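Undergrad: My questions will all concern the structure given below.
Right, dumping it as structure tokens:
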């Protein structure tokens, strides 16, 4: 079996590539075990943590998990529920009982129509991947202003940074409210210059966040923004 | 297979009309991530064949009747561009493209971990921009790289490769003349790491010995193509983590 390319820090693996013997190690996400050998199932970077081997994928689809905070679009409206586009393989379902308003049967459209954007939380995901959303909770609401930017799902943690440090830096520099959904959608609200800068910064973080020059580029962007202000 | 005729396909020195040895493949080049709008994409240039594959999804499967509660469905559309051959092809689906789409979907379903995405659909579009025999194999190879590029979990990178028979001689990777005037064609989808066969078709007749030799050629070529596929994916991200 072919061996993965070894980089300076991480090893890039492709589907079907043998990682090594499975003895004494656990297979995490992106890894399967066949005949005592660990095999990568996704294109990505091999990681070992707490004796568990996993692949950090280069591209991945959003897989909803209970408790995720997401930015969702209304895709369909029924008498008593909304189908939400959650940027994943499956639509989410928001029943009127989990909406933040008292909704009469048949009046769902009066509260939210197709195209509206909401901040919601994943209430439940069953084994058939039926996703139930809720808007009951602190801060969960319909987003009536601002802009929504999409970032690759695998870069959500990168945009947040250690303990939300990078996200806070972007908020301060752009002077905007920024909410990062687990589903790779980012809501930005502020003045138009701030939103434009934040969108540019998000794109840069997703593209260059892993490189050594990232810090210098971000500092330069922050200086430019301050100069403009 | 157009039949024997009196077309000479092997030279007196035993090589083929384009100078290849019997077990030699046409030159192959693969590039991953050629279409920015797709979730994953790849372009395979194999001899004069050019195949582009684009992968979208996993997404909600529509119409709902095609949904499977326990797995994803793979929706493949293989299409030859009207300008892909010297005779213009009438645009749109035909019986051949429908058949190739079906066998390609079944081959891909055996490697993709479809149970990870129940009720959803993974859309694979294969467009043949230039054709010179072996387009279904080029399409499968392109689709495999595009699926990997899209981050779809798979057991292996499936490789499409073909052998055949010309002038009672088994050869690897038929070109247009060999396909038209040869005696048999054996396209297969191989999982190079496990040696499994995900799809196999045979046009024409091969004796058991000829079949074994053809499969030997196919497995050898599959290893070479697999290396080119892996290199293409690694080259796309060689600058570091994207």
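Chains as they are written, first to last, in our numbering: chain A, -8 to 220; chain B, 10 to 251. Backbone N, C-alpha and C define an ideal beta-carbon position, used for all residues, glycine too. Quick caveat: nothing in here was measured; it's all calculated off a predicted structure.
Give the range of the beta strand (DSSP E) segment to which residue 185/A is assigned.
TA: Run containing residue 185/A: none in the beta strand (DSSP E); it sits in the alpha helix (DSSP H), 183 to 199.
Undergrad: Would residue 80/A count as contacting chain B if we go by Cβ distances under 8 Å?
TA: Closer than 8 Å: yes.
Undergrad: Just curious, the beta strand (DSSP E) that residue 68/A is in, first and last residue?
TA: Its beta strand (DSSP E) spans residues 60 to 68.
Undergrad: Would residue 171/B and residue 59/B be called neighbours here (beta carbons separated by less than 8 Å)?
TA: Not a contact, by the Cβ cut-off of 8 Å.
Undergrad: May I ask you to list the residues that DSSP assigns as paired with residue 74/A?
TA: 67/A, 84/A.
Undergrad: Which residues in chain A sit within 8 Å of residue 52/B, going by Cβ to Cβ distance?
TA: By Cβ distance, chain A contributes nothing, its closest Cβ being about 17 Å from residue 52/B, past 8 Å.
Undergrad: Note down the Cα distance separating residue 250/B from residue 203/A, rounded to an integer number of angstroms.
TA: Confidence is the limiting factor: at residue 250/B the pLDDT is only 49, short of 50, which leaves the residue's position unreliable, though a coordinate-based value still follows. If I take the Cα positions, the gap works out to 12 Å.
Undergrad: Nearest-angstrom Cα distance between residue 55/B and residue 38/A?
TA: Roughly 35 Å between the two C-alpha positions.
Undergrad: Could you spell out where the alpha helix (DSSP H) holding residue 205/B opens and where it closes?
TA: Here residue 205/B belongs to no alpha helix (DSSP H); instead the beta strand (DSSP E) covers 205 to 209.
Undergrad: Mapping the DSSP letters down to three states, classify residue 55/B as helix, strand or coil.
TA: Of the three classes helix, strand and coil, the one that applies to residue 55/B here is strand, per DSSP.
Undergrad: Could you tell me if residue 150/B is buried or exposed, where buried requires 16 or more neighbouring beta carbons within 10 angstroms of its beta carbon?
TA: Looking at its Cβ environment, which holds 16 or more other Cβ atoms inside 10 Å, residue 150/B is buried.
Undergrad: Restricting to Cα atoms, I'd like to know which of 124/B, 190/B, 215/B, 244/B is closest to residue 15/B.
TA: The option with the nearest alpha carbon to residue 15/B is 190/B.
Undergrad: Compare the C-beta of residue 155/B with all C-beta atoms of chain D and state if any pair is closer than 8 Å.
TA: Annotation note: the requested chain D is absent from the structure, which comprises protein chains A and B.
Undergrad: Among the candidates 167/A, 161/A, 193/A, 126/A, whose CA atom is the shortest distance from the CA of residue 175/A?
TA: When only C-alpha atoms are compared, the closest one is 193/A.
Undergrad: Who are the Cβ neighbours of residue 168/A in its own chain at under 6 Å, not counting the five residues just before and after it?
TA: The residues are 180.
Undergrad: In angstroms, rounded to a whole number, what distance separates the CA positions of residue 99/B and residue 106/B?
TA: C-alpha separation (whole angstroms): 12 Å.
Undergrad: Pick out whichever of 19/B, 41/B, 53/B has its Cα sitting closest to the Cα of residue 141/B.
TA: Considering only alpha carbons, the answer is 53/B.
Undergrad: Mind checking if residue 52/A is an interface residue toward chain B, Cβ cutoff 8 Å exclusive?
TA: It does; some Cβ of chain B falls within 8 Å.
Undergrad: Under 8 Å, with one C-beta from each stretch per pair, do the region 135 to 150 of chain A and the region 114 to 127 of chain A reach the 3-pair mark?
TA: Judged by Cβ distances under 8 Å, the region 135 to 150 of chain A makes no contact with the region 114 to 127 of chain A, as fewer than three pairs qualify.
Undergrad: By Cβ distance below 8 Å, which residues in the same chain neighbour residue 160/A in space, the five residues on each side in sequence not counted?
TA: Around residue 160/A: 152, 209, 213.
Undergrad: Chain B beta carbons: is any one of them nearer than 8 Å to that of residue 63/A?
TA: No - not a single Cβ of chain B is within 8 Å of the one on residue 63/A.
Undergrad: Give the single residue among 111/B, 155/B, 215/B, 205/B whose Cα lies nearest to the Cα of residue 48/B.
TA: Among 111/B, 155/B, 215/B, 205/B, the Cα nearest to that of residue 48/B belongs to 155/B.
Undergrad: State the Cα-Cα distance for the pair residue 244/B and residue 45/B, rounded to the nearest angstrom.
TA: Residue 244/B and residue 45/B: Cα-Cα distance of roughly 16 Å.
Undergrad: With a threshold of 16 other CB atoms inside 10 Å of the CB of residue 81/A, please say whether the residue is buried or exposed.
TA: Classification of residue 81/A: buried, given that the 10 Å Cβ count is 16 or more.
Undergrad: Going by the beta-carbon positions, is the gap between residue 111/B and residue 67/B smaller than 8 Å?
TA: In this structure, residue 67/B does not lie closer than 8 Å to residue 111/B by Cβ.
Undergrad: Taking the alpha-carbon positions, what's the residue 219/A to residue 144/B distance?
TA: Their Cα atoms are separated by approximately 55 Å.
Undergrad: With a threshold of 8 Å between beta carbons, is residue 84/A in contact with chain B?
TA: Cβ-Cβ to chain B under 8 Å: no for residue 84/A.
Undergrad: Take residue 221/A as the anchor and find which of 221/B, 166/B, 20/B has the nearest alpha-carbon.
TA: Summary: the structure shown does not reach residue 221/A, with chain A confined to residues -8 through 220, and so no result is reported for it.
Undergrad: Give the residues from the region 0 to 14 of chain A that approach chain B closer than 8 Å (Cβ to any Cβ), ordered along the chain.
TA: Of all residues in the region 0 to 14 of chain A, 1, 3, 5, 6, 7, 8, 9 have a Cβ within less than 8 Å of some Cβ in chain B.
Undergrad: Residue 152/B: buried (16+ other C-beta within 10 angstroms of its C-beta) or exposed?
TA: Its Cβ being crowded by 16 or more others within 10 Å, residue 152/B is buried.
Undergrad: Do you know how far the Cα of residue 196/B is from the Cα of residue 210/B?
TA: Their backbone Cα atoms lie some 6 Å apart in a straight line.
Undergrad: Which residue wins for smallest C-alpha separation from residue 31/B, given the options 18/B, 38/B, 42/B, 39/B?
TA: Checked all of 18/B, 38/B, 42/B, 39/B; the closest Cα to residue 31/B is 18/B.
Undergrad: Could you say which of 61/A, 53/A, 30/A lies nearest to residue 46/A if we only look at CA atoms?
TA: Of the listed residues, the one whose Cα sits closest to residue 46/A is 30/A.
Undergrad: What residues from chain A crowd round residue 48/B, counting only those whose CB sits closer than 9 Å?
TA: The contacting residues are 50, 52.
Undergrad: Given a cut-off of 8 Å, decide if residue 10/A and residue 44/A are closer than it, judged by their beta-carbon atoms.
TA: Yes, Cβ-Cβ distance for residue 44/A and residue 10/A is below 8 Å.
Undergrad: Checking contacts by CB at 8 Å: is residue 122/B closer than that to chain A?
TA: Residue 122/B counts as touching chain A.
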